[in-house]
Amino acid sequence: MTHRPLPAAFYARETELVARELLGAVLECTVRGTRCRGRIIETEAYTGEEDLACHAAAGRTARTEVLYGPPGRARYFIYGMYWCVNAVTRRAGLPSAVLIRAVEPIEGIEAMRRRRGHRPDRELTNGPGKLCQAFGITGPLHHGVSLLSSPLRILEGERIPDDDVAVTPRVGISKAVSDPLRWIRKGRDLK
DNA sequence: TAAAGGATTTTCT
DNA sequence: GAAAATCCTTTAC
C-alpha cells in the first residue's frame with residue numbers, strides 16, 4: 745500500500761463523510777524511533793456546536809480551540825487521565841472532528857504490548873483511550889499537531905467497501921443525538 | 001456476566 | 001457539586 749499522508753483537502757469536507765472515509769486509513773505514530781501503525785476500523789463524528797456531545801457545544805475555550813482551527817490537525821482530549829485522537833474537519837471557524845475509536849495493529853505491536861501491560865492482543869487498541877496508550881500518544885507532545893507529517897499522521901489505506909461498513913448511533917454518551925454517527929467495520933473481533 | 005466505583009481534570013450548572 | 005467522547009478492578013448474582 746502507499747504510504748502517502750492523507751492531504752488537508754481530505755479533511756476539509758463534511759464530518760460524517762470524513763468519518764466514513766477514514767475507515768481503512770492507517771494511523772501512524774513514531775515515538776523515540778519506534779514506529780507504530782494501525783488500520784482504522786471505528787470512527788465517530790462530532791459535528792459542531794449544535795451537537796451537544798461535541799465539546800464545541802460549550803463554545804470556544806482553551807480546551808476546544810483546536811476544534812476551531814484548520815482541518816487535518818490532531819486534537820487530543822483527556823478524560824480525567826486518558827487521551828483520544830481526533831481529526832479536525834471542515835474549515836477554520838467551524839468546530840468539528842472525527843474521533844478515532846479503534847484500530848487494528850499493523851506495525852510496532854511489541855511496543856504496543858509493552859505500553860499496554862502485555863494484555864491479550866485484541867485489547868491493545870480496541871478503544872479510543874487504549875489505542876493512544878498503545879501508540880505512545882500523549883498530550884503535550886501531540887496536541888494540535890498536523891496529521892500530515894511525522895511524528896503523528898494518517899496515511900492512505902485500503903478502502904473498506906460499503907458492504908463491510910455499519911453505521912450506528914453513538915452509545916454510552918448521555919448527550920448523544922439519535923443520528924447514526926459511529927462508523928464500524930463489520931466483523932471486527934475486538935470485544 | 002453484569003454492575004458499580006475509582007482515578008483525574010476541565011467545564012458547566 | 002456533578003458530569004464528561006474512558007478504562008480498569010472489584011463485587012455481586
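Take the position in the first sequence, starting the count at 1, then add 744; the result is the number in our numbering. Ideal placement from N, C-alpha and C gives every residue a C-beta, glycine not left out.
Go ahead and pull the three-state DSSP assignment for residue i.
| i | result |
| --- | --- |
| Leu771 | strand |
| Ile881 | coil |
| Cys876 | helix |
| Glu854 | helix |
| Glu902 | coil |
| Arg764 | helix |
| Val847 | strand |
| Arg926 | strand |
| Val829 | strand |
| Arg819 | strand |
| Ala836 | coil |
| Leu892 | strand |
With distances taken Cα to Cα, identify the nearest neighbour of residue i among the options.
| i | options | result |
| --- | --- | --- |
| Leu896 | Leu838, Tyr820, Ser922 and Ala800 | Tyr820 |
| His887 | Val829, Val842 and Ala753 | Val829 |
| Arg781 | Thr869, Ile822 and Thr787 | Thr869 |
| Leu843 | Val775, Ala797, Glu900 and Ala752 | Ala797 |
| Ala753 | Val921, Asp908, Arg834 and Ile917 | Arg834 |
| Ile789 | Pro839, Gly880 and Arg860 | The residue asked about is misnamed: residue 789 is Ala in this sequence, not Ile. Here the closest residue by C-alpha is Pro839. |
| Tyr823 | Val911, Thr882, Glu902 and Val909 | Thr882 |
| Glu809 | Gly837, Leu885, Lys874 and Trp827 | Gly837 |
| Ala878 | Arg748, Ala818, Arg779 and Ala756 | Arg779 |
| Val770 | Arg857, Leu875, Met825 and Arg858 | Leu875 |
| Val909 | Arg748, Tyr826 and Glu765 | Glu765 |
| Ile917 | Leu885, Asp795, Tyr755 and Arg776 | Asp795 |
| Arg776 | Leu885, His747, Pro814 and Leu925 | Leu885 |
| Val847 | Arg807, Arg929 and Arg748 | Arg929 |
| Ala818 | Pro849, Glu793, Val921 and Glu772 | Glu772 |
Check whether the Cβ atoms of residue i and residue j lie closer than 8 Å to each other.
| i | j | result |
| --- | --- | --- |
| Asp923 | Pro913 | yes |
| Leu750 | Glu900 | yes |
| Ser890 | Thr774 | no |
| Tyr755 | Gly813 | no |
| Gly873 | Trp827 | yes |
Rounded C-beta distance between residue i and residue j? I'm assuming under 8 Å.
| i | j | result |
| --- | --- | --- |
| Ile784 | Leu811 | Their Cβ separation, rounded to whole angstroms, is 20 Å, which puts Ile784 and Leu811 out of contact at 8 Å. |
| Thr927 | Thr787 | In the sequence on display, residue 927 carries Trp and not Thr. Contact holds; Cβ gap of about 5 Å. |
| Ile898 | Ala841 | 13 Å between Cβ atoms; not a contact. |
| Arg859 | Gly880 | 6 Å |
Using 8 Å as the cut-off, can you tell me whether the segment 859-874 makes contact with the segment 802-810, which would need three or more C-beta pairs spanning the two stretches below that distance? no
Can at least three beta-carbon pairs, one atom from the segment 851-859 and one from the segment 754-763, be found at a separation below 8 Å? no
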